[in-house]
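Student: In my numbering, the protein residues as written are 715 to 962. Just so it is clear, CB atoms sit at the ideal spot from N, CA and C, and this is done for glycine as well. The structure displayed is predicted, hence computed values, not measured ones.
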C-alpha cells in the first residue's frame, strides 16, 4: 500500500477533495442499455388498464340507464307542451315520420293560444282550470275545466280564438290532481314498495284527467297500496302496454 504521508486533519481534507475515487465509469454502458429499451413498454400497463376501464364504464352507463328507466317517474303530466304541441300523457309510438305541415301550423296556433292563457294567469288563478292539450288527430285544442264550459267561453271570448278550441268539463281540477299526486310521488321515491308491485312510472295526465301509473299489470296488492296513499281512487288510472285501465 502506498503511503500518503498525511500529518494533520487539514492534510486529510485536502487529500479527500483532490484524490479521485478510482471507481469504474459505467455510464456509457447504462446509456447503451437504455437506448435498446422499447419506449412504449413503459406505457403498456396503461393500455391494459384502459382495456379494462372502458368496458367497465360502458357497463356502468348501461346499468344507470336501465335503473333510470325503471325507477324514475315518467313525465306523464299531460300539461300542454309548447315545444311539441302535444300532450305528455302518451309518449311517441311507432316509427318516426316526417311532420305534417298542417300539424305544425296547428301546433304553432295552439302555442299562441296557450301563451295567452299563461299571460292571463288562467292556469294558476282560474280555480276550475284542469289543463289543456292538442287532440291526437289535431282537430282541436282542448281546454279542460271543472265548471261549465260555456262559463269559461263567455269569460274569455275576447282573449282566445274559440273557432278551433274545444272546452270540456271534467271532474278534477289540475291543482286537485297535483295535490293528490304529491304524496304518491313521495312514496315512490322513499320506498321500493310500488316498484316491487310493478310501477315503472307515474304522472298527472291532463287528457285522462287523472293520476296515471305505468305498470306491468294491475293486481290487488297494487290497488291496495295506491288506495292507502290516494283515498279518492277515482283519480287514478293505470297504463298497461299503452292501454288505459281504470282503477276499479
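Please look up how many angstroms separate the CB atoms of residue 941 and residue 933, rounded, as I've assumed it's under 8 Å.
Tutor: Going by Cβ atoms, the distance from residue 941 to residue 933 rounds to 13 Å, so no, they are not a contact pair.
Student: Strictly under 7 Å for the Cβ-Cβ distance: is residue 843 near chain B by that measure?
Tutor: Reference to chain B is not applicable here, since this structure consists of a single protein chain.
Student: Using the Cα positions of residue 842 and residue 861, report the straight-line distance between them to the nearest angstrom.
Tutor: If I take the Cα positions, the gap works out to 6 Å.
Student: If I'm right that residue 855 touches residue 846 with Cβ under 8 Å, what's the distance once you round it to whole angstroms?
Tutor: Their Cβ separation, rounded to whole angstroms, is 7 Å, which keeps residue 855 and residue 846 in contact under 8 Å.
Student: For residue 961, name the three-state secondary structure that DSSP assigns.
Tutor: If DSSP states are grouped into helix, strand and coil, residue 961 belongs with coil.
Student: Reducing DSSP to helix, strand and coil, say where residue 788 ends up.
Tutor: Note that residue 788 scores 39 on pLDDT, short of 50, meaning its location in the model is unreliable; the coordinates nonetheless yield the value given after this. Three-state result, residue 788: coil.
Student: Is there contact here, the region 810-824 with the region 891-899, by at least three beta-carbon pairs under 8 Å?
Tutor: Cβ pair count under 8 Å is below three, so no.
Student: Using 8 Å for Cβ pairs, my map puts residue 895 next to residue 925. What's the rounded Cβ distance?
Tutor: Contact holds; Cβ gap of about 5 Å.
Student: Once you ignore the five residues that flank residue 830 on each side, which residues in its own chain have a CB closer than 8 Å to its CB?
Tutor: Around residue 830: 873 and 874.
Student: Using the DSSP secondary-structure output, state which residues sit across from residue 918 in a beta bridge.
Tutor: 925.
Student: Compare the Cα-Cα distances from residue 935 to each of 957, 955, 922 and 961 and report the closest residue.
Tutor: The candidate whose alpha carbon is nearest that of residue 935 is 961.
Student: Pop quiz: residue 848 and residue 824 are said to be a contact at Cβ under 8 Å. What is the actual Cβ separation, rounded to whole angstroms?
Tutor: Right, the Cβ-Cβ distance comes to about 5 Å (below 8 Å), so this counts as a contact.
Student: Could you check where the alpha helix (DSSP H) with residue 828 kicks off and where it finishes?
Tutor: Its alpha helix (DSSP H) spans residues 815-833.
Student: Pick helix, strand or coil for residue 950, following the three-state DSSP scheme.
Tutor: Reduced to three states, the DSSP call for residue 950 is strand.
Student: Could you check which residue in 897, 910, 922 and 863 has the C-alpha nearest to that of residue 945?
Tutor: The option with the nearest alpha carbon to residue 945 is 897.
Student: Identify every residue that forms a DSSP beta bridge with residue 858.
Tutor: Bridge partners of residue 858: 845 and 882.
Student: Reducing DSSP to helix, strand and coil, say where residue 944 ends up.
Tutor: It is coil, neither helix nor strand.
Student: Give the secondary structure of residue 909 by DSSP, where H, G and I count as helix, E and B as strand, and everything else as coil.
Tutor: DSSP places residue 909 in helix when its eight states are reduced to three.
Student: How long is the line joining the alpha carbons of residue 957 and residue 951, rounded to whole angstroms?
Tutor: Answer to the nearest angstrom: the Cα atoms are 10 Å apart.
Student: Count the other CB atoms, across all protein chains shown, that sit within 10 Å of the CB of residue 964; report buried if there are 16 or more and exposed otherwise.
Tutor: This structure does not reach residue 964, given that the chain is present from 715 up to 962, and the question cannot be answered.
Student: Taking the continuous alpha helix (DSSP H) assigned at residue 902, which residues delimit it?
Tutor: Residues 888-904.
Student: Which whole-angstrom value is the C-beta distance of residue 913 and residue 881, which I expect to be below 8 Å?
Tutor: Wrong, their Cβ atoms sit about 33 Å apart, outside the cutoff.
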